[in-house]
Amino acid sequence: MVDRSAVEAAAQRIDGQVRRTPSIEVAPGLWFKLELLQHSGSFKARGAFNRILAAREAGELPAAGVVAASGGNAGLAVAFAAARLGIPAEVFVPQVAPAVKVRRLRELGAVVHQHGREYAEAYAASTIRVAETGALFVHAYDQPEIVAGQGTLALELPDVDTVLVATGGGGLVGGIAAAIGDRARVVAVEPVGAPTLHAALAAGHPVDVAVDSVAADSLGARRIGTIGFDAAVRHGVRSLLVDDDAIVRARRRLWAEHRIVVELGAAAAFAALDLIEAGPQGGGAHRVAVVLCGANTDPADLTAETVQDLSQGV
92 MVDRSAVEAA
102 AQRIDGQVRR
112 TPSIEVAPGL
122 WFKLELLQHS
132 GSFKARGAFN
142 RILAAREAGE
152 LPAAGVVAAS
162 GGNAGLAVAF
172 AAARLGIPAE
182 VFVPQVAPAV
192 KVRRLRELGA
202 VVHQHGREYA
212 EAYAASTIRV
222 AETGALFVHA
232 YDQPEIVAGQ
242 GTLALELPDV
252 DTVLVATGGG
262 GLVGGIAAAI
272 GDRARVVAVE
282 PVGAPTLHAA
292 LAAGHPVDVA
302 VDSVAADSLG
312 ARRIGTIGFD
322 AAVRHGVRSL
332 LVDDDAIVRA
342 RRRLWAEHRI
352 VVELGAAAAF
362 AALDLIEAGP
372 QGGGAHRVAV
382 VLCGANTDPA
392 DLTAETVQDL
402 SQGV
């Protein structure tokens with residue numbers, strides 16, 4: 092079980108390795124947590140550093156270095172942490188991983204293996220490589236050190252009633268829930284086409300889901316992690332689903348209204364804002380933080396969408 096004490100210990104361990112990213116009030120009672128400014132472009136650097144540094148402290152970091160499987164962001168974080176700490180890294184990603192992420196992985200010095208069409212297939216290949224080399228496996232979301240590291244983000248949030256966080260494998264939402272406890276309501280926002288926590292809450296335990304979403308490169312886990320799920324249940328995390336059209340619109344709005352460029356997975360949290368503010372889901376929340384968790388994207392496609400909207404008078 093990951094609790095607040097584990098998150099606080101992680102914060103001490105990774106101090107000086109990660110950025111304390113800003114929270115900005117963009118409207119009365121609405122904050123954006125700008126985790127897209129984190130090293131490697133997403134919150135994942137927090138967990139990666141915590142996992143690797145904890146292993147080094149325990150004398151369990153092998154000469155073979157680290158291996159990770161990722162839709163892109165976790166791999167980037169592991170590659171960044173490994174480069175900074177001077178250890179080898181191999182990263183397995185699906186063949187459909189965005190080219191911008193694959194290119195950056197190689198720039199960071201990682202050996203990149205593209206395998207399968209989904210994260211689950213890249214993950215299976217990575218476990219074989221760990222068995223072959225004896226490297227330390229750094230999970231994308233379901234290890235205690237990973238969840239605790241991701242939760243350090245919550246220690247930097249302002250005093251709010253509600254936190255909206257995009258959810259895939261559950262490492263971030265689980266860590267935030269563990270850190271916040273009952274101090275605020277944590278809401279997991281998931282694509283309709285990748286409802287890992289939503290399905291698990293309905294079933295009472297983690298289950299496999301089909302993955303079909305524009306945000307699958309970062310929210311494309313087939314199953315919620317057990318650690319994140321346990322934390323979500325323990326602290327009453329709720330799940331809201333948003334469709335792909337809402338996610339795309341939210342990304343465009345973040346650029347048009349705030350000049351913030353995020354990846355589609357990060358835009359999912361913002362897409363749920365109207366659901367929180369309206370109707371019974373809101374519960375009277377007046378102070379809301381939206382975690383903008385990553386920006387590993389090619390802004391060229393956002394520019395093309397904006398130009399298209401202008402030409403159509405949108």
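For the sequence shown, this note's numbering assigns the number 92 to the initial residue and increments by one for each residue that follows. Glycine is no exception: its CB is placed at the ideal position from the N, C-alpha and C atoms.
Expected contact under 8 Å - CB spacing of residue i and residue j to nearest Å
i      : j      : result
Val157 : Ala173 : 6 Å
Gly316 : Ala270 : That pair is no contact at about 16 Å.
Ala380 : Val254 : 5 Å
Val352 : Thr388 : 7 Å
Val382 : Val256 : 5 Å
Arg378 : Asp250 : 7 Å
Leu167 : Ser131 : 4 Å
Val169 : Ala159 : 4 Å
Ala285 : Val302 : 5 Å
Phe123 : Ser133 : Not quite, the Cβ-Cβ distance comes to about 15 Å (not below 8 Å), so this is no contact.
Gly207 : Gln186 : 7 Å
Ala362 : Ala337 : 4 Å
Glu209 : Arg342 : Not quite, the Cβ-Cβ distance comes to about 22 Å (not below 8 Å), so this is no contact.
Beta-bridge partners of residue i, as assigned by DSSP
i      : result
Phe183 : Ala160 and His204
Trp122 : Glu116 and Ala380
Ala257 : Val280
Val333 : Pro282
Val229 : Ala159
Ser133 : Gly385
Beta-carbon contacts of residue i that lie in its chain and below 7 Å, excluding the five residues immediately before and after
i      : result
Arg350 : none
Leu292 : Ser330
Pro153 : Gly225, Ala226 and Leu227
His230 : Ile237
Arg95  : Ala269, Ala270 and Gly272
Sequence-distant residues of its chain with Cβ nearer than 6 Å to residue i (five each side left out)
i      : result
Ala97  : Ala239
Ala188 : Gly163
Glu247 : Arg111
Gly374 : Only weak support exists for where Gly374 lies, its pLDDT of 48 falling under 50; the coordinates are left without a value.
His204 : Phe183
Val283 : Leu332 and Asp334
Leu127 : Val353, Leu383, Gly385 and Ala386
Phe290 : The residue asked about is misnamed: residue 290 is Ala in this sequence, not Phe. So the list reads Val298 and Val300, once near-sequence residues are dropped.
Ala101 : Asn141, Ala239, Gly240 and Thr243
Leu121 : Val379
Gln108 : Phe140
Contacting residues, own chain, Cβ-Cβ under 8 Å from residue i (five flanking each side not counted)
i      : result
Arg147 : Leu176
Val202 : Pro179, Ala180, Glu181 and Val182
His326 : Ala268, Ala269, Ile271, Gly272, Asp273 and Val277
Ile105 : Arg137, Phe140, Asn141, Leu144, Gly240 and Thr243
Leu288 : Thr258, Gly261, Val264, Ala279, Glu281, Ile315, Gly319, Phe320, Ala323, Val328 and Ser330
Phe171 : His130, Ser131, Ala136, Ala139 and Leu199
Gln479 : One cannot answer for residue 479 here, as it falls past the ends of the chain, which runs 92 to 405.
Val191 : Asn387, Thr388 and Asp389
Arg344 : Phe361
Margin query: With a threshold of 8 Å, are at least 3 pairs of Cβ atoms found where one atom belongs to the stretch 353 to 360 and the other to the stretch 298 to 311?
Written below: A contact exists between the stretch 353 to 360 and the stretch 298 to 311.
Item checked: In chain order, each alpha helix (DSSP H) run of at least 4 residues that lies wholly inside the stretch 266 to 309 -> The qualifying runs are 287 to 294.
Notebook entry, point to check: Below 8 Å, can you find three or more Cβ-Cβ pairs linking the stretch 201 to 213 to the stretch 174 to 186?
Noted result: Three or more beta-carbon pairs drawn from the stretch 201 to 213 and the stretch 174 to 186 are found closer than 8 Å, and the two stretches are therefore classed as touching.
Note to self: Across the stretch 268 to 282 and the stretch 322 to 333, are there enough close Cβ pairs to call them in contact, namely three or more that are closer than 8 Å?
What the structure shows: Touching, yes.
Next item on the list: Determine, using beta-carbon pairs with one atom in the stretch 226 to 239 and one in the stretch 126 to 145, whether at least three such pairs fall under 8 Å.
Entry: In this structure the stretch 226 to 239 lies against the stretch 126 to 145, because at least three pairs of beta carbons, one per stretch, are closer than 8 Å.
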